[in-house]
Each structure stands twice: as structure tokens, then as C-alpha cells.
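Numbering (our numbering), first residue to last: 315 to 550. Written below as C-alpha cells is the structure these notes are about.
Here's what the structure looks like:
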């Protein structure tokens, strides 16, 4: 993940992405049988777990800064081979991951109560208030926020970003792609306090899986790039 932010919330069934619509289908099915269960859908706005891959659907994207969408498009030749085809499109969409669905006491009985927990990521330029307004009034579903963070990002032309991109390009001998990524990080907390923050690290393999790993040789490159970026920043 590079200089930008990430945070993303609930996806409506408006778009042609079948995988994205499938995430909403579970709640839609429960809504169709509303009389059979007093259900509650628990939605987590802007959590910090990963929601990668071509799983998003277009929604509430009119206010996304042009610089952000341009950066995502420019990074596509690098990001998609690493994260999978469609990653760039997902980075430009609100995404939702329904990670938990629970209900009932027995497999052969209609559940009296059911709920779902979702991790929803908003785009930079789309506020939590906008997402909440879209969720309000959805028939047959009640929801509450467990935690929320407004999307934020460090400007792509900020000096910290420019120093980091130049150092990485020099250290690795190839251009550095500066972009926004889907995953969340603690960098958002620094930005909330008014401190510019970017993320640069080794390539994640099988992120979030049991065999997640990074390459040892990349750790040395990352350490070098981070140290030189700090040195350049302090020297200006």
C-alpha cells in the first residue's frame, strides 16, 4: 500500500460485478423472509482487515478526487500482477466483506435470530455520513456501527511521497508506483492527527492466510528505502 488511505463501507446491489452482488445477496435473502426471524445486521464501517481482489461494486464514487483515481490507474500494471486482475477497479470502488453470518440453534430449525458482520471500505472522498445515509431505511434490516474511520490520505504530491518514490526507484532500479490500496493500516491514525503518513513495505504473499510470508531479501530493500527517505526528508 502506498501513500493513500483506505477505508470502505456497505455495497448496494447496483453494478455489474457478480461477486460484489453476492456479498449483499445474503442480507437480501434474509430480508425476503423478514417475518420468520427478528434479524440484526451488524455492519463495521471502515475496519482494518484486508478485503482484496476483484470483489467491489461501483457505489457512491462521484466525489473521489481525480488525483486518486489517476494514481490507481497508473499503478495498475504493477498492482494487478501482485493482487490479481480487477484489483485496480476494486481500489476505485466501495467494497464490502461479510466475514461473519450467525443465527439459529439447530440446523433443522428456522433461526429465531440471525446477524451478519461486515467490513466495509469507503473511498477517499466518500464520507461515513454518506454511507450511513444510504444504509438508513433499508427495509427489514437494522444495523449499528462497531467502529468507524473517515477515509483520509496523504497527497500524492506531498514531499514525503516524492522523497519515498525517488528513493525506492533509485534503490531498486525501476519506477515506483504511487497509489491507493484497499487494505487498512495504522497510517490513518497519524493522518487523523494531521501528520502525513505513507506505507511502504515488502510484497505480501498470501496475505491473511495461514502461510502468509514476505521475502527476506525485500526486508533489506525496505529498510534501506525507509532510512534514506527519512534522511532526504530531514535534509530538505
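Think of the CB as a built atom: it goes at the ideal place given N, C-alpha and C, for glycine as much as any other residue. A quick note: this is a predicted structure, and the numbers were derived from the prediction, not measured.
Which residue's Cα is closest to the Cα of residue i: the options?
i	options	result
residue 417	409, 408, 427	427
residue 347	421, 455, 467	455
residue 498	481, 507, 522, 509	522
residue 459	442, 548, 452	442
residue 462	483, 492, 445, 420	445
residue 429	549, 343, 545	343
residue 471	510, 450, 488	510
residue 466	384, 494, 550	494
residue 391	457, 480, 489	489
Rounded to the nearest angstrom, how far is the Cβ of residue i from that of residue j, given a contact under 8 Å?
i	j	result
residue 513	residue 519	That belief does not hold up - the Cβ atoms of residue 513 and residue 519 are roughly 17 Å apart, past 8 Å.
residue 540	residue 485	Incorrect: roughly 10 Å between the Cβ atoms, too far for contact.
residue 547	residue 474	6 Å
Where residue i and residue j are concerned, what is the direct C-alpha to C-alpha distance, given to the nearest angstrom?
i	j	result
residue 438	residue 524	31 Å
residue 533	residue 543	15 Å
residue 447	residue 530	46 Å
residue 476	residue 349	57 Å
residue 440	residue 464	8 Å
residue 322	residue 408	Residue confidence for residue 322 is low, a pLDDT of 32 falling below 50, so the modelled location carries little weight; the figure read from the coordinates is stated next. Looking at the two C-alpha atoms, the distance is approximately 6 Å.
residue 516	residue 536	6 Å
residue 452	residue 478	44 Å
residue 501	residue 508	11 Å
residue 483	residue 503	27 Å
residue 506	residue 422	48 Å
residue 492	residue 526	24 Å
residue 545	residue 384	29 Å
residue 550	residue 480	14 Å
residue 420	residue 487	59 Å
residue 425	residue 449	24 Å
Going by the DSSP bridge assignment, what does residue i pair with across the sheet?
i	result
residue 417	428
residue 467	None, per the DSSP bridge assignment.
residue 477	Partner(s): none; residue 477 has no beta bridge.
residue 519	527
Just to check, is the beta-carbon of residue i closer than 8 Å to a non-hydrogen atom of the ligand FMN?
i	result
residue 464	For the structure depicted, the ligand FMN is absent and the ligand set is empty, with no information on it obtainable.
Check whether chain D comes within 9 Å of residue i, counting only Cβ atoms and requiring the distance to be less than that.
i	result
residue 426	The chain labelled as chain D is not found in the depicted structure, where only one protein chain is given.
At least 3 beta-carbon pairs within less than 8 Å: the segment 406–416 vs the segment 430–440: yes
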